[in-house]
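Peer 1:
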Amino acid sequence: MVNSTPWGRLVIDGELIGNTPQLAVDLAPGVHTIRVERDGYEPFEQQIRIQSRDTVRLTSITLGPTP
Numbered sequence: 003m004v005n006s007t008p009w010g011r012l013v014i015d016g017e018l019i020g021n022t023p024q025l026a027v028d029l030a031p032g033v034h035t036i037r038v039e040r041d042g043y044e045p046f047e048q049q050i051r052i053q054s055r056d057t058v059r060l061t062s063i064t065l066g067p068t069p
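Reminder that position 65 of the sequence shown reads as 67 in my numbering, one-by-one numbering, no gaps.
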């Protein structure tokens with residue numbers, strides 16, 4: 003699950019997935035770059051490592067306004 007306040011566009015490994023919240027996104031094992039972006043806000047970006055059968059929840063993402 004990926005959720006953010008306010009909602010934003012979820013991009014994983016450079017591919018637009020859709021708007022948050024996203025309840026389930028299937029990812030292959032390995033390292034992935036997670037990005038949440040919205041016009042007028044600083045983007046959130048984090049790399050995560052997925053191992054077989056991992057469940058990862060990113061639910062405390064808060065986007066701050068751009069200066």
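Heads up, the beta-carbon is just placed ideally off N, CA and C, and yes, glycines get one too.
#1: At the level of alpha carbons, what is the spacing between Met3 and Val27?
#2: Can you give me the Cβ contacts of Thr22 inside the same chain, cut-off strictly under 7 Å, excluding the 5 residues immediately before and after it?
#3: Unbroken beta strand (DSSP E) runs of length 3 or more, entirely within the segment 15–55: which are they?
#4: Could you give the DSSP three-state label for Leu60: helix, strand or coil?
#5: Answer yes or no: the CB of Leu29 versus the heavy atoms of the ligand FMN, is any distance below 7 Å?
Peer 2: Reading from the atomic positions:
#1: Computed Cα separation, rounded: 7 Å.
#2: Around Thr22: Val4, Asn5, Ser6, Trp9, Gly10, Leu12 and Val38.
#3: Runs found: 17–21, 32–39 and 46–52.
#4: DSSP places Leu60 in strand when its eight states are reduced to three.
#5: Among the ligands in the structure shown, none appear at all, so the ligand FMN cannot be discussed.
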